[in-house]
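Below is one structure, written out as structure tokens; comments come after it.
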Amino acid sequence: MVQKLVLRNEIVKVKGRVKVITVKKEDFDKVLKTVKLRVLDKEYEALMPPLDGMQKNTIDVNGLASLIQQYMSFMNFYHGNSQATPPAQMVLTTSGGIVTLSYTGSININSQGVTVYLQVFQESSNYTFQYFYIGFDTTNSSYTISQLELYASATSNGNSGQLYTDLTRIAYTNASFTKTSDSYLFIVWLIEFQNVPSYLVYFTPLLQNVEGIFTYYSQSGYTIYFNNGNCNFTCGGDCPSAGCQFAGQSDACGFISYVQNNSVILEIPASAPIGAGVSSAEMLLCVKTGFNSIPSISGSVSTTVSPPVSGATFYVAIVTITITYVGS
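Numbering (the numbering used here), first residue to last: 5 to 332.
Structure representation (structure tokens):
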């Protein structure tokens with residue numbers, strides 16, 4: 005007999021904020037400032053406009069669902085695009101047509117582009133990932149804008165080499181402003197994955213950025229343990245288990261993702277026989293995520309659910325991670 009159980013139903017909030025700045029060319033040096041960003045205990049400098057006065061945007065849930073689906077495919081199965089995808093792009097709808105700002109590594113005079121900076125900080129056992137997308141047009145062009153769109157790509161480096169998701173729209177907003185030939189344009193877009201528990205970092209897409217912090221499959225994975233009442237019920241213990249093992253095995257790594265009620269639902273099923281006569285169903289999720297430039301992040305969570313159905317011989321645990329995209 006099979007009983008469907010929910011291990012956890014987690015919510016990771018992803019929020020977006022955007023700001024548009026136009027300045028006279030002579031005021032260029034007054035807008036961009038060198039700021040210090042942190043990736044945990046690692047500090048670096050970035051050239052950015054001020055962040056005050058940022059407004060909400062609309063998160064493209066369907067776009068993020070596609071990005072998450074692609075990301076989990078190469079995290080779990082090593083399936084993905086091995087051809088380098090640009091980290092970011094901004095598409096501006098103007099009165100004269102479409103203006104596309106493509107990724108560049110830095111902000112330059114008389115050019116157009118987008119650069120991306122990452123900041124990661126930890127509070128207790130939770131992590132927040134902040135992505136600062138800086139779009140710019142320092143050419144003599146002039147136009148009036150009605151809508152802005154942000155495209156991003158996630159990536160990871162593992163046993164099969166570097167893999168990338170497609171460049172996917174993740175946010176957009178209506179806008180009303182004019183760039184003149186004697187002014188410079190800057191667009192600051194902040195995308196945040198907020199308060200992510202350590203055991204959900206593995207399931208949170210890592211977007212491309214100038215710091216190049218990528219996960220490694222050989223150091224990353226998750227395991228779901230089932231307590232049969234006669235085993236060591238700990239991470240690395242001998243209880244019946246299923247999942248993407250830390251050694252890089254890809255057994256029982258299936259997942260389902262879909263959009264529901266303005267959220268992306270990611271379901272990771274796993275099953276293992278735990279024997280008859282168990283009075284309660286206990287499960288333990290253990291996760292480790294490895295990086296090439298910051299320490300690995302490990303975490304776990306356990307739960308006890310209602311007593312199993314009488315006579316059952318094994319149970320199917322459904323791990324449901326719900327990512328809610330908040331924006332307007």
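Just so you know, even glycine gets a beta-carbon here, dropped at the ideal spot from N, CA and C. No experiment lies behind these values; they were computed from the predicted model shown.
Check, Outcome
"Close Cβ partners of E49 (< 8 Å) along its chain, the five nearest in sequence each way excluded", "T38, V39, K40 and L41"
"Under the three-state DSSP convention, the category E30 falls into", "helix"
"Meets three-Cβ-pair contact criterion under 8 Å: the segment 121-136 and the segment 193-212", "yes"
"Segment limits, alpha helix (DSSP H) that includes N130", "Taken as a continuous stretch (DSSP letters only), N130 belongs to no alpha helix (DSSP H), being part of the beta strand (DSSP E) at N130 to D141."
"Rounded separation between L154 and S115 - CA only", "19 Å"
"Buried or exposed (CB count within 10 angstroms, at least 16 for buried), V22", "buried"
"Beta-carbon proximity check, L211 vs A158, cutoff 7 Å", "yes"
"Buried versus exposed, by CB contacts within 10 Å (16 or more), D242", "exposed"
"Whole-angstrom C-beta distance between V118 and G139, which should lie under 8 Å", "5 Å"
"Presumed contact (8 Å Cβ cut-off) between N61 and Y176, rounded CB distance", "7 Å"
"Span of the beta strand (DSSP E), counted from its first residue to its last, around F4", "Beyond the ends of the chain as shown, which are 5 and 332, falls residue 4; an answer cannot be given."
"Reference N234, options P244, G240 and I272, closest by Cα", "P244"
"Residue range of the unbroken beta strand (DSSP E) whose run includes L71", "That residue, L71, is in no beta strand (DSSP E); its alpha helix (DSSP H) goes V65 to F81."
"Closest residue to I63 among T307, V263 and I298 (Cα-Cα distance)", "V263"
"L36 vs P90 beta-carbon contact at 7 Å", "no"
"Chain-order list of residues whose beta-carbon lies under 8 Å from that of T143 (same chain, five-residue window excluded)", "N114, S115 and Q116"
"Through-space distance from V27 to H83, alpha-carbon basis", "45 Å"
"Beta-carbon separation (whole angstroms), M58 vs L189, contact threshold 8 Å", "So it is not a contact: roughly 16 Å between Cβ atoms."
"Rounded separation between A69 and I174 - CA only", "9 Å"
"Inter-residue Cα distance where the pair is M94 and P299", "32 Å"
"Q74 to V18 span [Cα, whole Å]", "18 Å"
"Beta-bridge partners of G216, as assigned by DSSP", "The partner list for G216 (beta bridge, DSSP) is empty, contrary to what the question assumes."
"L204, enclosing beta strand (DSSP E) - first and last residue", "No beta strand (DSSP E) holds L204; DSSP gives it neither H nor E."
"Between the CA atoms of F32 and N112 - distance to the nearest angstrom", "11 Å"
"DSSP state of Q87 mapped onto helix, strand, coil", "coil"
"Boundaries (first-last residue) of the beta strand (DSSP E) holding S150", "Y147 to A156"
"Which listed residue (L289, G294, K183 and S110) has its alpha carbon closest to that of V305", "L289"
"Integer Cβ distance of V16 from F259, believed to fall under 8 Å", "Not really, about 15 Å apart at Cβ, beyond 8 Å."
"Beta-carbon gap between S297 and I217 smaller than 7 Å", "yes"
"Distance, D45 Cα to Q126 Cα", "10 Å"
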